[in-house]
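Before any comments, here is the structure.
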Amino acid sequence: GQNIDQPTEMTATEGAIVQINCTYQTSGFNGLFWYQQHAGEAPTFLSYNVLDGLEEKGRFSSFLSRSKGYSYLLLKELQMKDSASYLCAGSGNSGYALNFGKGTSLLVTP
Amino acid sequence: EADIYQTPRYLVIGTGKKITLECSQTMGHDKMYWYQQDPGMELHLIHYSYGVNSTEKGDLSSESTVSRIRTEHFPLTLESARPSHTSQYLCASSESSRGVGQPQHFGDGTRLSIL
């Protein structure tokens, strides 16, 4: 595995911005994914980064630093429906199979 | 919306029974995966397949077996269910024609409870 590490829980206010960090071991790294998973539902794909820098997709952006083994997911203009678990996953030597972190449970409050 | 289906959604069954969890996708993806996820915990890869007649074990040791006779179908079987097999099982698929950066699409999962 790639020892994916991310905070267990975060709380933020509706309308605010939140950054969810993820660190991973750099050996055998082949790209990093972010998924969103609502309670009792399947994970859904949010973003993929393989090169350094920021990828923006509407209210969600994802950043990667390969040299530091670090990524973050930035959520802007938070909505109540953004309350979910956010999963960081690394793509390793096997190429297609992913190593998932434990997920960060985000609670958005009014 | 991804077209990947898992049945059953929920299964409560007694110890010692043989169980097959079904997973089918209609996207023609050659890569398919099975993950196990306990509540509040990470997804653990238990099996994957890179195409017909190809199956590999994942990082988490599992007593289950899989088969891939057709591209669209990737069933998971437990020969003799035990309470330790109680968990959620998620199936996923991805294409590979455009490299490793293709996202995995997940089914809704099967919640398995062994009494």
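The listed protein sequences derive, respectively, from chains A and B. Each residue of the first sequence is one higher than the one before, starting from 1 at the first, in this note's numbering. Each residue of the second sequence is one higher than the one before, starting from 111 at the first, in this note's numbering. Think of the CB as a built atom: it goes at the ideal place given N, C-alpha and C, for glycine as much as any other residue.
Count Cβ pairs between the stretch 47–58 of chain A and the stretch 125–138 of chain B that sit closer than 8 Å; are there 3 or more? No, the stretch 47–58 of chain A does not touch the stretch 125–138 of chain B.
Please work out which residues of its chain come closer than 7 Å, Cβ to Cβ, to residue 65 of chain A, disregarding the five sequence neighbours upstream and downstream, and give them in chain order. Excluding sequence neighbours, residue 65 of chain A sits near 52.
Reduced DSSP category for residue 137 of chain B - H, G, I as helix; E, B as strand; rest coil: If DSSP states are grouped into helix, strand and coil, residue 137 of chain B belongs with coil.
Top-ranked residue by Cα proximity to residue 223 of chain B, from B:116, B:127, B:114: That would be B:127, whose Cα lies nearest to the Cα of residue 223 of chain B.
What would DSSP say about residue 81 of chain A, mapped onto helix, strand or coil? Note: residue 81 of chain A maps to helix in three-state DSSP.
Sequence-distant residues of its chain with Cβ nearer than 7 Å to residue 153 of chain B (five each side left out): Result list for residue 153 of chain B: 145, 147, 200, in chain order.
Any contact between the stretch 60–75 of chain A and the stretch 115–124 of chain B? By contact I mean 3 or more CB pairs, one from each, below 8 Å. Short answer: they don't touch.
Reducing DSSP to helix, strand and coil, say where residue 38 of chain A ends up. Coil at residue 38 of chain A, not helix or strand.
Span of the beta strand (DSSP E), counted from its first residue to its last, around residue 16 of chain A: That residue, residue 16 of chain A, is in no beta strand (DSSP E); it is neither H nor E in DSSP.
Using a Cβ cut-off of 9 Å (strictly closer), state whether residue 115 of chain B contacts chain A. Taking Cβ atoms only, chain A never reaches closer than 9 Å to residue 115 of chain B, which makes this a no.
Under 7 Å between beta-carbons, which chain A residues line up against residue 217 of chain B? List them in chain order, please. Listed along the chain, the chain A residues whose CB falls inside 7 Å of the CB of residue 217 of chain B are 42.
Is the Cβ-Cβ distance between residue 174 of chain B and residue 186 of chain B less than 9 Å? It is a contact, given that the beta carbons lie within the stated cut-off.
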